[in-house]
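Read through the structure below, which is laid out as structure tokens, and then see the notes.
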Amino acid sequence: MIDLRTLSRRGFLNMSAAGAAALALPAGLFRAGTASAATLPAVAEEDAVIGFGHVGPITDEGWTWSHHQGLLAVKEAFPKLKKVIEVENVPYSADATRTYRQFVSEGANMIFDTSSTGDFLHEVVKRAPEVAFMECDGHQVMDNLGWYYLAHWYPTYVIGVAAGHLSKTGKLGYVASFPVASVFCSTNAFLMGARSVNPAATLQTIAINSWFDPQAATQAGTALIDNGCDFLFGIMDEAGYLQVAEQRGVWAAMWNTDIRRYGPNSYVSSVIIDFKKFYVDQVGKRLAGTWSPSETLLQMGSGVDRDVWGAKVPADVAKAADAVRDKIVGGWSPFTGEIKDSTGTVRIAKDQKMTDTELYTWDWSVEGVSGLTS
Amino acid sequence: MNDTTPSLPLPPGTPPLVQLKGIAKYFPGVIANHDVDLDVMPGEIHALLGENGAGKSTLMNILTGIYRPNAGEIIIDGYAKEFASPLDAIAAGIGMVHQHFKLVQAFTVAENIHLGWDKTPKRASAQKLEARTAELAAKFNLQVRPGARINELSTGEQQRVEILRVLAREARVLILDEPTAVLTPAEARELFKALREFRNRGNAVIFISHKLDEVLEISDRITILRGGRKIATEQAADCNPRSLAKQMVGRDIVLADMRQRPVGAAPISKDPVLRLDTVSALGETGLSALHGVTLDVFAGEIIGIAGVAGNGQRELSQVLTGIRAPSSGQILIDGKPVAHANAAEFVEMGIGHIPEDRLHSGLAPALSVTVNAVMREYKKPPVTTAGLYRPGAATTLAKDIAEVADVAVPDFGMPIRNLSGGNQQRLVARREMRIASKVLVAAYPSRGLDVGAINTMLKYIVELRDAGAGIVLISEELEELLNLSDRIAVLYEGKIMGVIDNDKVDIDEIGLLMGGRQQTKEVA
Amino acid sequence: MLSGLRLQRLPSAHPGIALGARVAAIFLALLLASIVLEISGAAPLELGIQVISATFGSTYGIEDLCLLLIPLLMTGLAVAVGQQIGAWNIGAEGQFYAGAFSATAIGLFVPGPEILILPLMFIAGAVGGMIWILVPTLARAYAGVNELITTLLLNFVAALMVYYVSTGPWRDRVGMSNSATPRVKAEIPEFWGLVHWGLPLGVLMAIGFALVLSYSKWGYEVRLSGSNPSAAKYAGIPVRRHIITVMLLSGMVAGIAGMFEIAGTVHRLQGGISNNFGYLGIMVAVLARNSCVGVIFSAALMALILNAGIILQTQGLTTSAVLAITGLILFLTAIGDELAHYRITRIKI
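Protein chains in written order, with full-length UniProt numbering: chain A, 1 to 374; chain B, 1 to 524; chain C, 1 to 349.
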């Protein structure tokens with residue numbers, strides 16, 4: 001059976017028209033406290049119920065595992081919580097509505113949807129005004145709904161810089177899932193990082209229409225290497241193409257967690273994610289009665305980062321890339337014009353800085369990226 | 001018959017090969033067997049004779065491990081046995097050839113012989129299996145073609161494969177259920193020869209049949225069942241057809257000329273009510289099955305169709321009833337040509353049809369008695385009024401039909417397959433007679449029925465003839481045809497070989513025509 | 001043999017025994033599940049009470065149950081309708097997609113007032129389902145091609161087609177969402193809480209089909225054709241025409257299910273829109289023994305089981321444990337149905 005539910009994994013995908021309106025906020029207002037809604041009353045820790053709904057299994061060593069670590073951190077920080085509900089494999093379907101509705105019936109005071117299920121969640125949000133909802137990769141704010149996500153494009157740029165140094169052929173490969181905003185953003189940031197070192201670098205992408213398909217990822221990795229790529233990146237939940245890279249002796253960078261053991265020689269780094277602090281903070285606010293719906297992009301260094309460099313990455317490359325990282329943490333944005341799209345049209349004028357909104361909703365490829373159609 | 005070897009002389013104290021003692025089997029509301037004893041000695045052919053529903057099949061299903069008896073015991077070679085499954089029975093040397101062969105059509109003879117047999121060699125090539133099959137065939141003196149596929153074989157050949165399959169598994173008791181029903185006389189003779197040889201090797205045959213003559217011909221002893229109970233076991237030599245028939249049905253049966261019309265019966269019409277004019281038709285496989293058949297059916301007469309089954313009878317009955325369109329030629333009803341063959345319109349015009357295979361084509365076995373009973377009249381009031389099907393009215397009609405057919409139906413909502421074969425056939429016949437105002441095509445109306453039921457069936461047909469319908473009686477029982485028909489047409493390989501007036505009938509002539517010989521002189 | 005007890009198979013099961021067997025099967029499945037749960041440290045009784053109170057104790061629970069029931073009822077009915085003519089419509093899943101697809105096309109691209117768009121969407125859903133079963137129908141009617149394979153294969157085509165349009169040409173460009181189309185504005189009105197009019201309509205369709213089959217000349221002919229086509233031909237019934245009509249109706253019902261899922265529950269076309277309802281429909285029809293009215297009850301049972309599964313997950317059971325319990329219930333129900341055909345007799349030896 002073809003299970004297309006996995007399509008929604010991580011829920012990059014689901015936004016509503018209303019969500020777009022919410023996004024039309026000026027850049028810089030992304031930090032907490034934008035909405036004007038009244039706060040919900042405080043809850044005693046021993047009476048509080050917190051719910052987490054995940055897209056995958058918590059054993060996935062990737063996205064869901066990371067959120068589960070956040071849940072564990074919440075439990076540690078608030079040991080007296082009445083109950084923490086956790087459901088894995090919430091599909092992107094009306095079953096998501098049923099699941100979150102059930103959370104509400106269980107008396108949840110705060111619910112995290114770790115992969116935006118969009119309308120399916122919003123149905124519940126509207127009918128449970130006393131419950132605080134946070135949607136990962138959401139785009140809509142309501143009186144009791146906020147969202148959070150990662151500015152993953154910054155560490156990706158840093159890894160791109162390393163790729164620019166490491167690639168001999170200047171041909172980079174990317175194993176993509178779907179032509180969605182985070183993939184556009186990821187491929188673009190990666191190539192822009194590489195081009196800052198080697199302006200002739202190009203990025204070839206293959207979309208395998210899945211977030212988790214080791215066989216397809218392996219095949220895509222092989223094809224990319226056969227085409228001359230000597231650095232593979234991607235947005236997969238498993239180590240398929242890393243193992244190919246290890247066998248074929250090329251470089252590879254990954255996503256979510258440290259999985260260098262699958263390819264110790266090839267491993268360069270990973271876009272590593274960490275929600276622990278954010279979750280503890282949100283739950284604390286909810287208990288104290290100070291929570292209000294917010295829009296949060298976890299920045300590099302506080303929720304998303306590059307992983308410790310791989311064993312075989314030369315020290316000078318690591319140093320060069322880390323210098324760029326420091327610059328970004330210091331406030332510099334690499335996503336500044338002039339930026340052309342893959343047809344050669346100037347999309348971002350010279351010296352114009354892309355806003356976080358633009359980065360978050362990027363839907364075109366920069367010059368040099370091939371294989372993704374918008 | 002030249003082979004008149006008596007059963008082997010047995011030393012005293014030889015235990016019966018098969019001994020059934022006090023067998024009882026009850027189904028909900030039915031006593032299928034009650035206190036039945038049966039001894040089958042080595043070296044005998046033992047006939048099991050009885051009407052439909054007398055309990056023959058149940059008894060044999062118990063002996064072959066398909067059913068478990070509610071009471072009684074099975075003793076094989078002097079040892080009490082209990083069969084948990086047919087495999088146990090096979091292991092005990094009991095094999096059965098069913099009326100409907102259980103062969104895989106797409107497999108070869110050799111493959112069918114070796115299917116599900118623990119002695120089949122593990123990785124064997126087709127050649128090896130065929131060689132083994134040829135060896136077995138030689139051993140049991142049964143001619144088969146090991147490499148041929150079952151669907152290429154004639155019925156007689158298929159039956160030989162079935163028998164060989166049973167014998168190969170070292171059966172010492174061979175049970176045959178109505179084996180000659182599907183055979184030509186020549187094939188039947190071959191079968192009898194093989195059975196006698198088998199018997200002469202010290203084995204036993206249990207032979208189930210309705211046909212009194214062949215029972216007398218083949219068997220050494222005869223056991224008669226009636227109503228699930230054993231009536232008697234007799235030496236065949238002491239019996240005659242009349243005495244057997246009497247014991248079987250519990251009353252005297254008159255098989256007599258039924259061509260006499262009572263006073264007031266409708267006369268034979270001048271013009272045919274139904275006429276086939278050089279009609280050809282294709283069979284199920286797309287091959288030509290009828291060739292230029294010209295046939296007149298007059299009202300108030302019975303025209304018999306003689307011939308060995310499989311010579312176009314099925315197609316002929318289908319063409320006559322509008323189920324199958326002719327590939328060429330014309331059908332005329334009351335002199336008017338029929339533009340499009342349509343079974344429903346033929347019914348409207350008063351043409352009824354008792355099909356040869358009632359369970360396959362005349363009934364929907366899984367549906368209720370009511371649904372089946374109203375199959376011919378469901379479109380008309382009172383069953384359907386203004387497009388509304390009225391189950392209540394349908395059941396009323398079904399009750400009427402069942403009453404005329406003298407069939408006791410406990411529940412008209414139950415599937416019709418729960419009724420016995422004879423009752424099903426009576427219901428079908430009565431259902432058809434209600435609408436067959438013009439013509440009734442009756443294909444093998446007595447096949448699979450016991451003597452009593454056959455008599456009823458034939459009386460129905462005569463009744464309808466006297467009411468003025470034309471009857472096409474397709475049968476392979478020559479005696480039945482001679483008793484009833486005014487004229488007899490012989491069908492051979494899709495052609496009418498000749499139409500003979502019953503008064504001028506010459507049985508040898510019919511036999512020759514059935515065998516494909518051209519008519520030598522004008523008889524009709 | 002030690003025991004004189006024997007099993008005997010009856011041709012048809014007594015309705016009372018069949019019901020009893022089913023209840024016993026469910027009870028046994030729950031008992032087995034409880035034992036496993038108890039061993040693994042959960043409290044089965046509490047969980048059971050939790051499931052029951054969450055399902056029936058709140059409006060939420062009953063609404064959820066009804067929302068699950070609607071598509072299950074319709075896809076189950078689609079399969080059961082096909083079975084009336086002896087056709088196994090394994091393709092309810094694909095027809096569901098096709099119905100959802102066609103209805104969405106109308107909803108997204110045809111302007112007009114809701115009162116006009118909804119009936120149009122309904123027709124589009126029905127026609128979409130029919131188109132999706134058209135080729136298997138004609139292949140079955142004219143060439144005798146087994147519909148099992150053809151309908152099954154078309155499921156994948158439909159799923160991929162819906163996936164393609166919802167992530168490609170029809171994707172929500174306004175909100176940058178890629179996995180679903182924009183929201184379809186026309187919505188089936190709610191008739192009780194969140195439950196839309198699909199529920200009464202589905203029940204009416206099931207009853208309607210049952211009535212037509214039992215109380216019309218057409219229904220008689222269909223029943224006969226489905227039970228024994230050669231007997232139907234013998235009776236002069238146009239079997240081929242009935243195969244075509246009934247299979248198209250089967251596809252239509254599944255298509256309507258897809259339309260209601262779009263216009264009543266989900267409101268956006270997306271890859272997972274079918275939620276396996278088409279395949280579950282096969283199970284619903286089998287449990288109902290292909291009775292159109294029975295489908296209402298077996299769909300309710302299935303909805304209850306699926307809903308209980310969701311509740312159990314929030315109680316900390318893993319998805320696989322919940323799937324195992326669900327499977328156990330269905331499996332034992334099937335065995336119970338079969339066992340209802342047997343009775344135990346005592347024989348003397």
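Note that CB positions come from ideal geometry on N, CA and C, so glycine has one too.
Alpha-carbon to alpha-carbon, residue j and residue i
{"i": "Ser446 of chain B", "j": "Ser420 of chain B", "result": "14 Å"}
{"i": "Val23 of chain C", "j": "Leu183 of chain B", "result": "52 Å"}
{"i": "Ser225 of chain C", "j": "Arg390 of chain B", "result": "19 Å"}
{"i": "Tyr164 of chain C", "j": "Val145 of chain C", "result": "29 Å"}
{"i": "Ile471 of chain B", "j": "Val441 of chain B", "result": "6 Å"}
{"i": "Gly61 of chain C", "j": "Arg98 of chain A", "result": "9 Å"}
{"i": "Asp220 of chain B", "j": "Ile461 of chain B", "result": "36 Å"}
{"i": "Gln282 of chain A", "j": "Thr222 of chain A", "result": "43 Å"}
{"i": "Leu249 of chain C", "j": "Gln95 of chain C", "result": "11 Å"}
{"i": "Asp60 of chain A", "j": "Tyr262 of chain A", "result": "15 Å"}
{"i": "Thr34 of chain A", "j": "Val280 of chain A", "result": "Legend: pLDDT at Thr34 of chain A = 44, less than 50; position of this residue unreliable, value from coordinates given subsequently. Cα to Cα, the separation comes out at about 20 Å."}
{"i": "residue 435 of chain A", "j": "Ala349 of chain A", "result": "In the structure as shown, chain A begins at 1 and stops at 374. Residue 435 of chain A is therefore absent and cannot be evaluated."}
{"i": "Ala43 of chain C", "j": "Val74 of chain A", "result": "25 Å"}
{"i": "Thr357 of chain A", "j": "Thr167 of chain C", "result": "21 Å"}
{"i": "Gln161 of chain A", "j": "Arg195 of chain A", "result": "For the record, residue 161 of chain A in the displayed sequence is Val; it is not Gln. If you take the alpha carbons of Val161 of chain A and Arg195 of chain A, they lie about 8 Å apart."}
{"i": "Asp357 of chain B", "j": "Ser288 of chain B", "result": "21 Å"}
Candidates the options, of which the one nearest residue i by Cα
{"i": "Glu88 of chain A", "options": "C:Val322, C:Leu138, C:Ser34", "result": "C:Val322"}
{"i": "Glu348 of chain B", "options": "B:Gln318, B:Gly93, B:Lys380, B:Ala366", "result": "B:Lys380"}
{"i": "Leu68 of chain C", "options": "C:Tyr220, C:Leu204, C:His196", "result": "C:His196"}
{"i": "Pro415 of chain B", "options": "B:Glu44, B:Val371, B:Arg226", "result": "B:Val371"}
{"i": "Thr137 of chain C", "options": "C:Ala180, C:Ile90, C:Ile106, C:Leu108", "result": "C:Ile90"}
Interface residues of chain A facing residue i [CB-CB closer than 9 Å]
{"i": "Leu120 of chain C", "result": "What Leu120 of chain C touches in chain A: nothing, since even the nearest Cβ is about 22 Å away."}
Closer than 9 Å at the beta carbon, the chain B residues around residue i
{"i": "Ser216 of chain C", "result": "Thr384, Gly387, Leu388, Tyr389"}
{"i": "Leu224 of chain C", "result": "Ala364, Leu367, Val371, Asn372, Met375, Tyr378"}
Partners in chain B for residue i, counting only beta-carbon separations shorter than 7 Å
{"i": "Ser227 of chain C", "result": "Ala364, Ala366, Leu367"}
{"i": "Lys185 of chain C", "result": "Going along chain B, no residue has its Cβ under 7 Å from Lys185 of chain C, so there is no contact; the nearest lies around 40 Å."}
{"i": "Ala231 of chain C", "result": "Ser361, Gly362, Leu363, Ala364"}
Where residue i meets chain C, residues with beta-carbon distance less than 8 Å
{"i": "Ser105 of chain A", "result": "Ala54, Ser58, Tyr60, Gly61"}
{"i": "Pro355 of chain B", "result": "Tyr234"}
{"i": "Ala344 of chain B", "result": "Ala235, Gly236, Ile237"}
{"i": "Pro293 of chain A", "result": "Neighbours of Pro293 of chain A on chain C: none; closest Cβ ~18 Å, over 8 Å."}
{"i": "Ile62 of chain B", "result": "Ordered by position in chain C, no residue passes the 8 Å Cβ test against Ile62 of chain B, which lies about 11 Å from the chain."}
Closer than 8 Å at the beta carbon, the chain A residues around residue i
{"i": "Asn307 of chain C", "result": "Arg98"}
Interface residues of chain C facing residue i [CB-CB closer than 9 Å]
{"i": "Ser125 of chain B", "result": "Correct list: empty, because the minimum Cβ distance to chain C is about 32 Å."}
{"i": "Glu88 of chain A", "result": "Gln313, Thr318, Thr319"}
{"i": "Asp113 of chain A", "result": "Residues of chain C passing the Cβ test: none, with the nearest at roughly 14 Å."}
{"i": "residue 426 of chain A", "result": "Shown here, chain A extends from 1 to 374; a query on residue 426 of chain A therefore has no answer."}
Per-residue contacts from residue i into chain A (C-beta, under 7 Å)
{"i": "residue 353 of chain C", "result": "Because chain C is modelled from 1 through 349, residue 353 of chain C falls outside the range shown and cannot be assessed."}
Partner residues on chain C for residue i, Cβ-Cβ distance less than 7 Å
{"i": "Val347 of chain B", "result": "Gly236"}
Residues from the segment 266-281 of chain C in contact with chain A, defined by Cβ distance under 8 Å: Under the 8 Å Cβ criterion, the segment 266-281 of chain C contributes Val266, His267, Arg268, Gln270, Gly271, Gly272, Ile273, Asn275, Asn276, Tyr279.
Entirely enclosed beta strand (DSSP E) segments - the segment 123-183 of chain A, minimum 3 residues: Correct list: 132-136, 145-150, 171-176.
Contiguous alpha helix (DSSP H) assignments of at least 4 residues, all confined to the segment 397-430 of chain B: Runs of the alpha helix (DSSP H) inside the segment 397-430 of chain B: none found.
Residues from the segment 139-168 of chain C in contact with chain A, defined by Cβ distance under 9 Å: Taking 9 Å as the cut-off between beta carbons, the residues of the segment 139-168 of chain C near chain A are Asn155, Phe156, Ala159, Leu160, Val162, Tyr163, Ser166, Thr167, Gly168, in sequence order.
Positions along the segment 64-96 of chain C whose CB lies within less than 8 Å of some CB in chain A: Result list: Asp64, Leu67, Leu68.
Against chain C: residues of the segment 328-341 of chain B by CB proximity under 7 Å: Against chain C - using a Cβ distance shorter than 7 Å - the segment 328-341 of chain B contributes no residues.
Those runs of the alpha helix (DSSP H) which lie wholly inside the segment 188-270 of chain B and span at least 4 residues: Whole alpha helix (DSSP H) segments, 4+ residues: 212-218, 241-249.
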